[in-house]
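Chemist:
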Amino acid sequence: MIGCSLVRGTPYRYIGQTLEQRPECDGWPNRWSAQISQDQPDVALLIIGRWETVDGSTKESGPHR
């Protein structure tokens, strides 16, 4: 899903702004599992992009890292 990170429910910093992930981003594990069960692929490919490289933050880690 474009605009979602694999890390769920955490704010991230992008172009100097701290933003919250969209709520629909947190449901990726269930969506992916259902799609794999339905399609039963022999191989799956995960392509990641900018959302895995932006600074993220969790309550435990504090500031964006």
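Residues in the sequence shown are numbered from 24 upward in steps of one, following the working numbering. Backbone N, C-alpha and C fix where the C-beta goes; we use that ideal spot for every residue, glycine too.
#1: Residues in the same chain with beta-carbon distance under 7 Å from P34, minus the five sequence neighbours each way, listed in chain order, please.
#2: What are the residues that DSSP puts in a beta bridge with G26?
#3: Could you compute how far the alpha carbon of G32 sits from the alpha carbon of W51?
#4: For Q58, which residues from the same chain have a beta carbon less than 7 Å from its beta carbon, with the 5 sequence-adjacent residues on both sides left out?
#5: Give the range of the beta strand (DSSP E) segment to which R54 is assigned.
Modeler: Well, looking at it:
#1: T41, L42, E43 and S80
#2: Bridge partners of G26: none, in fact.
#3: C-alpha separation (whole angstroms): 11 Å.
#4: The beta carbon of Q58 sits closer than 7 Å to no other beta carbon from its chain once the five residues preceding and following it are set aside.
#5: No beta strand (DSSP E) contains R54, which is instead part of the alpha helix (DSSP H) from W51 to D62.
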